[in-house]
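Peer 1: Below you'll find the structure I mean.
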Amino acid sequence: MIVDFLKTKRSTKDLKACLETLLEFKECEGREEWEAIPFAAWTKLEQLEEFLECLVHGKPPKPDTMKAIARAGEKNAKPKS
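FYI, my numbering numbers position 8 of the sequence shown as 65, with every residue one higher than the one before it.
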């Protein structure tokens, strides 16, 4: 699952460079680009930004992300015998 990215082994320095690049990329987008790109693509970009903010700056994940993490944990939990 995408939330597994929060377990990355990459260094904070690498993740910070990625976050800075992502923010710079977003600053360059124009209104026409925003409207032309499918919503799902921007949603994934926002999700990546959120995850990088968590990993680089220690920001807590959004409530819906926390729910996804909990669901992922439930799916990966071993069944009780």
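Idealized CB from N, CA, C, for every residue including glycine.
Nothing here was measured: the structure is a model prediction, and the numbers come from that model.
#1: Under a CB-based cut-off of 8 Å, is GLU90 close to chain D?
#2: Buried or exposed for PHE108, please, with buried defined as at least 16 other CB atoms from any protein chain shown within 10 angstroms of its CB.
#3: Inspect the CB distances between the segment 67–84 and the segment 96–108 and report whether three or more fall short of 8 Å.
#4: Does GLY130 come out as helix, strand or coil in the three-state DSSP assignment?
#5: Could you check what DSSP says for LYS73 in three-state terms: helix, strand or coil?
#6: Is the beta carbon of LEU79 sitting closer than 8 Å to the one on CYS111?
#7: Compute the beta-carbon to beta-carbon distance between THR69 and VAL113, rounded to the nearest angstrom, for a pair I have assumed lies under 8 Å.
Peer 2: Let me spell this out:
#1: Here chain D cannot be found, since the structure has a single protein chain.
#2: buried
#3: yes
#4: helix
#5: helix
#6: no
#7: 6 Å
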